[in-house]
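These protein sequences, in sequence, are chains X and E.
Reminder that position 208 of the first sequence reads as 208 in the working numbering, one-by-one numbering, no gaps.
Reminder that position 135 of the second sequence reads as 135 in the working numbering, one-by-one numbering, no gaps.
Yeah, the Cβ is synthetic: ideal placement off N, Cα and C, and Gly gets one too.
Protein chains: 2
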Amino acid sequence: MGGLYLIPTPLGDQDPSEVLTPQVLVLVQRLRHLVVENEKSARKFLKAAAPEVPQSEWVLYPMNKYTDPEALKGYLDVCTDGEDLGVLSEAGCPGIADPGADLVGYAHQKQISVHPLIGPSSILLALMGSGFNGQSFAFHGYLPIDKLERKSALKLAEKTAQTEGQTQVWIETPYRNLSLFQDLCQHLHENTLLCIACDLSLPTQWIETKSIGLWKKAEVSFIQKRPAIFLVSGGQPKRKDFSF
Amino acid sequence: MGGLYLIPTPLGDQDPSEVLTPQVLVLVQRLRHLVVENEKSARKFLKAAAPEVPQSEWVLYPMNKYTDPEALKGYLDVCTDGEDLGVLSEAGCPGIADPGADLVGYAHQKQISVHPLIGPSSILLALMGSGFNGQSFAFHGYLPIDKLERKSALKLAEKTAQTEGQTQVWIETPYRNLSLFQDLCQHLHENTLLCIACDLSLPTQWIETKSIGLWKKAEVSFIQKRPAIFLVSGGQPKRKDFSF
Chain X
1 MGGLYLIPTP LGDQDPSEVL TPQVLVLVQR LRHLVVENEK SARKFLKAAA PEVPQSEWVL
61 YPMNKYTDPE ALKGYLDVCT DGEDLGVLSE AGCPGIADPG ADLVGYAHQK QISVHPLIGP
121 SSILLALMGS GFNGQSFAFH GYLPIDKLER KSALKLAEKT AQTEGQTQVW IETPYRNLSL
181 FQDLCQHLHE NTLLCIACDL SLPTQWIETK SIGLWKKAEV SFIQKRPAIF LVSGGQPKRK
241 DFSF
Chain E
1 MGGLYLIPTP LGDQDPSEVL TPQVLVLVQR LRHLVVENEK SARKFLKAAA PEVPQSEWVL
61 YPMNKYTDPE ALKGYLDVCT DGEDLGVLSE AGCPGIADPG ADLVGYAHQK QISVHPLIGP
121 SSILLALMGS GFNGQSFAFH GYLPIDKLER KSALKLAEKT AQTEGQTQVW IETPYRNLSL
181 FQDLCQHLHE NTLLCIACDL SLPTQWIETK SIGLWKKAEV SFIQKRPAIF LVSGGQPKRK
241 DFSF
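Right under this line is the structure:
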């Protein structure tokens, strides 16, 4: 029986051999069957990560929001037939704010072994870089678009951050970053700490944490159209929990 | 002005050159000032990651629950004096279920640039490997020890998982794994999905997802004393959110 390998990819246009582990590169060179979010970006990645393997040797299986669950389950026949199967999202870690989780779920149902691999995650890098509590945190994906729903989601998250010390984390579609920034400044308290982290792991990476009061006076137009993570502080970590 | 570099370390007794990126190894070879959770494990890591650098060249600064906040702030003088400063936790990513967040917070206050680096996180690997919703998840650290508090925390988390689709994640002190497992089986519904992920990124890695009903019939005594992550499903990801 083959296994299912979750393969992280660079978060931008970087050399895979600099930002991935040798373990991942060796695996990519070995696998021939890959479930991919986007064929074009997958082929570009494979060319960079394993240039010596002819493109024709890879069998790619599409995975997107239109992929039928039965088709996804069918891909796992590669494993039951005895070969390993890889999963690639467009950037970062499959299954984390990216497709892949469904396929992993089906693999568990079929008792196929699942192998997540070490690699870049913008959420994790942002949390590390924020200085916020990394012993309790919640990632919410996108905030609601509707103005009233968004406001109440933000107010609830700020309250949870304050009362439970839980760091609150969101992503945003890059062209909406400034609009989200304005909403954060409008709805959160002056003293609430906000971290904005752009272009994580890229040469242009930029991470800043300050109070909403100070953000209101900051010039941030350059965050527009850059991949960004937004985090709201849940206070300092409880130091007694350091022992893990 | 120097920067603050958050350096991940292997999750077990592995060769750093296999499970870390070349970017991290190059950085470790360059840095001479390091804030470390544990001096003994830090020296062992440095010896493996940069064998050509004499141990005497590294200046190590202790960081643990007894470290005075003023001392932590003082370490950042390395940066204001123009040199880069690294941070190492015992295993995994500094600041994520590990010390380091306070120091990062002080760095932001002093406008020192913060550089989180790509590397192993057992929480992230477990989430990828679970097949659970990676578009909405909460990491809670440890569950309460008190039996009644623990029960109500588990019930609340299960409800949040069901109503909001948010994956719930905990760590446990390895020698208490079986006790936590029994509590999960006792307090969660038969149909609730639980993932247990042990020894992440290690050769002995073991990840399984199934319903509480099936877990009750499973033999799991081998999870005791192994580093483990426990996850409860918040249902399937909302596929409309795949676009990030």
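- Within chain E, the residues whose beta carbon sits less than 8 Å from that of Phe137 (chain X) are Ala138, Phe139, listed in sequence order.
- Taking C-beta atoms under 8 Å as the contact rule, Glu18 (chain X) and Pro203 (chain E) fail to qualify, at a distance of about 25 Å.
- Under the 10 Å beta carbon count, Ser152 (chain E) is surrounded by fewer than 16 other beta carbons and is classified as exposed.
- Short of 8 Å from the beta carbon of Ile112 (chain E), and not among the five residues preceding or following it, lie these beta carbons of its own chain, in chain order: Met1, Gly2, Gly3, Leu4, Leu76, Cys79, Thr80.
- The contact set of Leu6 (chain E) on chain X, defined by CB atoms closer than 8 Å, consists of Met128, Gly129 in chain order.
- With the rule of 3 Cβ pairs closer than 8 Å, the segment 126–140 of chain E counts as touching the segment 165–180 of chain E.
- Distances from the alpha-carbon of Ala49 (chain E) to those of E:Phe230, E:Leu88, E:Lys73, E:Asp84 put E:Leu88 closest.
- When DSSP reads this structure, Phe139 (chain X) sits in a beta bridge with X:Val169, E:Phe137.
- Chain X has no Cβ within less than 8 Å of the Cβ of Thr9 (chain E).
- Counting only residues of its own chain and dropping the five nearest sequence neighbours on each side, Asn191 (chain E) has a CB closer than 6 Å to the CB of Ser211.
- Close to Phe132 (chain X), with beta-carbon spacing below 7 Å, are these residues of chain E in chain order: Ala101.
- Take the alpha-carbon of Asp98 (chain X) and the one of Leu46 (chain X): they are about 19 Å apart.
- Rounded to whole angstroms, Gly213 (chain X) and Cys185 (chain X) show a C-alpha spacing of 8 Å.
- In this structure, Val232 (chain E) lies away from Leu178 (chain E), with their beta-carbon atoms at least 8 Å apart.
- At a cut-off of 8 Å between C-beta atoms, Cys93 (chain X) counts as an interface residue with respect to chain E.
- Within 8 Å of the CB of Val28 (chain X), no CB atom of chain E is found; the nearest one sits about 14 Å away.
- Out of E:Leu20, E:Asp84, E:Gln55, E:Gly105, the CA that lies nearest to the CA of Glu70 (chain E) is found in E:Gly105.
- Residue pairing by DSSP places Val87 (chain X) opposite X:Leu6, X:Val35 in a beta bridge.
- Collapsing the DSSP output to three states places Thr67 (chain X) in coil.
- Boundaries for Glu208 (chain E): no alpha helix (DSSP H) harbours it, while the beta strand (DSSP E) harbouring it runs 206–211, taken from the DSSP string.
- The Cβ of Thr209 (chain E) sits closer than 8 Å to at least one Cβ of chain X.
- Among the residues of chain X, none has a CB under 8 Å from the CB of Thr80 (chain E); the nearest is roughly 17 Å distant.
- Taken through DSSP and simplified to helix, strand or coil, Ala157 (chain E) comes out as helix.
- In summary, Leu156 (chain E) is exposed, with fewer than 16 beta-carbon neighbours lying within 10 Å of its beta-carbon over all protein chains present.
- Across the structure, Ile229 (chain X) and Met128 (chain X) are spaced so that their CA atoms are roughly 12 Å apart.
- If you draw a straight line from the Cα of Ser221 (chain X) to the Cα of Ser41 (chain E), it is about 43 Å long.
- Between Tyr175 (chain X) and Gln224 (chain X), the CB-CB gap stays under 8 Å.
- Spanning the alpha carbons of Gly131 (chain X) and Asp102 (chain E) requires a straight line of approximately 6 Å.
- Non-local beta-carbon contacts of Ala161 (chain X) in its own chain, meaning distances under 8 Å to residues more than five positions away in sequence, involve Thr167, Gln168, Thr192, Val232, Ser233, Gly234, Gly235 in chain order.
- Rounded to whole angstroms, Phe181 (chain X) and Ser121 (chain X) show a C-alpha spacing of 22 Å.
- Burial state of Ile118 (chain E) is buried, judged by a 10 Å Cβ sphere holding 16 or more other Cβ atoms.
- Ile171 (chain X) counts as buried, since no fewer than 16 other beta carbons sit within 10 angstroms of its beta carbon.
- In the three-state DSSP reduction, Leu127 (chain X) falls in the helix class (H, G or I).
- Chain-order list of chain X residues neighbouring Ser121 (chain E): Leu124, by C-beta distance under 7 Å.
- Selection E:Leu25, E:His108, E:Cys198 evaluated against Glu52 (chain E) yields E:Leu25 as nearest (Cα-Cα).
- Here DSSP, grouped into helix, strand and coil, assigns Val19 (chain E) to helix.
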